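Numbering follows my numbering, in which position 139 of the sequence shown is assigned residue number 197; successive positions increment by one, without gaps.
C-beta atoms are modelled at their ideal positions from N, C-alpha and C, and glycine is treated no differently.
In this text the structure is predicted, and so the values were computed from the model without any measurement.
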Amino acid sequence: MLSLLLRKLKIGRLTEKVRNSHLSQGSSDLPASFRQSLHIRHLACGSCNACDWEMAALSNSLYDHQHFGIDFVASPRHADLLMCTGPGSTHLLKAASETYEALPNPKWVMAVGDCAIDGGVFKGAYACEEGISRILPVDYKVPGCPPTPDDLMKALLEMMGKEVS
Ligand code: SF4
């Protein structure tokens with residue numbers, strides 16, 4: 059706990075002002091029809107909730123995800139992308155698989171945060187996987203503990219093949 063506190067003090071505030079220096083985007087694997095709008099279902103799978111709060115910050119006036127055609131939906135049946143947080147808690151594995159199956163094709167999975175990528179701080183813990191990729195086919199990874207909203211926004215825009223200045 060002390061080490062986490064010291065790390066937090068060292069890293070400082072994570073919800074920083076958005077920068078006007080987004081990556082110049084490469085080609086996207088998404089079909090062109092997905093480049094104007096993207097519907098996302100958030101799947102929390104045993105996270106500490108910090109990643110989830112950084113995702114929630116995408117809707118504030120700094121990041122304004124809807125301005126870019128990105129929106130979060132309540133049902134996986136309306137989603138193109140599953141944004142997963144957490145290492146994959148054992149008791150949620152069935153729900154995670156069923157949620158993924160409910161997405162219509164084509165569909166993509168994004169692992170948000172170190173936990174979702176490889177277990178992160180929960181690596182080796184009982185009752186969870188070491189990353190969501192043990193359960194679902196992950197297409198995109200956004201590292202960080204947690205990743206900043208800026209990181210998330212860049213990843214989403216990169217995925218959509220959008221260029222942002
Ligand atoms: S990556 Fe870090 S912030 Fe995100 S759920 Fe795991 S412990 Fe929490």
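In whole angstroms, what separates the C-alpha of residue i from that of residue j?
| i | j | result |
| --- | --- | --- |
| residue 61 | residue 201 | 20 Å |
| residue 168 | residue 121 | 19 Å |
| residue 173 | residue 138 | 22 Å |
| residue 257 | residue 153 | What is shown of the chain runs 59 to 223, which leaves residue 257 out entirely. |
| residue 58 | residue 165 | Outside the displayed span of the chain (59 to 223) sits residue 58, for which this structure offers no information. |
| residue 196 | residue 143 | 12 Å |
Starting from residue i, trace the beta strand (DSSP E) in both directions and tell me its first and last residue.
| i | result |
| --- | --- |
| residue 98 | 96-102 |
| residue 128 | 128-130 |
| residue 68 | Segment 60-69 is the alpha helix (DSSP H) holding residue 68; no beta strand (DSSP E) there. |
| residue 179 | Here residue 179 belongs to no beta strand (DSSP E), and DSSP marks it neither H nor E. |
| residue 121 | Run containing residue 121: none; DSSP gives neither H nor E here. |
For residue i, I'd like the list of residues in its chain whose CB is within less than 6 Å of its CB, leaving aside the five on either flank, ordered along the chain.
| i | result |
| --- | --- |
| residue 79 | Any reading at residue 79 is ruled out, since the residue's pLDDT is 39, under 50, leaving its predicted position unreliable. |
| residue 157 | 101, 134 |
Within the same chain, show all residues whose beta-carbon is closer than 7 Å to that of residue i, passing over the 5 residues directly before and after it, in chain order.
| i | result |
| --- | --- |
| residue 81 | Low per-residue confidence applies at residue 81: pLDDT is 38, beneath 50, and the placement is therefore not dependable, though the value from the model is reported in the following sentence. For residue 81, where only same-chain residues beyond five positions count, the Cβ hits under 7 Å are 212, 216. |
| residue 188 | 145, 176, 177, 181 |
Starting from residue i, follow the alpha helix (DSSP H) in both directions and report where the run begins and ends.
| i | result |
| --- | --- |
| residue 109 | 108-114 |
| residue 173 | 172-176 |
| residue 141 | Looking at the DSSP string, residue 141 is not in any alpha helix (DSSP H); the run it does join, the beta strand (DSSP E), is 139-143. |
| residue 212 | 207-218 |
| residue 158 | 151-160 |
Beta-carbon within less than 8 Å of residue i's beta-carbon, same chain only, minus the 5 sequence neighbours each way: which residues are those?
| i | result |
| --- | --- |
| residue 131 | 97, 98, 99, 137 |
| residue 85 | For residue 85, the pLDDT reaches just 45, beneath the cut-off of 50, and the residue's location in the model is therefore unreliable, leaving the point undetermined. |
- [ ] Could you please go through the chain and list the residues whose beta-carbon is closer than 6 Å to any non-hydrogen atom of the ligand SF4?
- [x] For the ligand SF4, the selected residues are 105, 106, 108, 109, 143, 144, 171, 172, 173, 178, 179, 203, 204.
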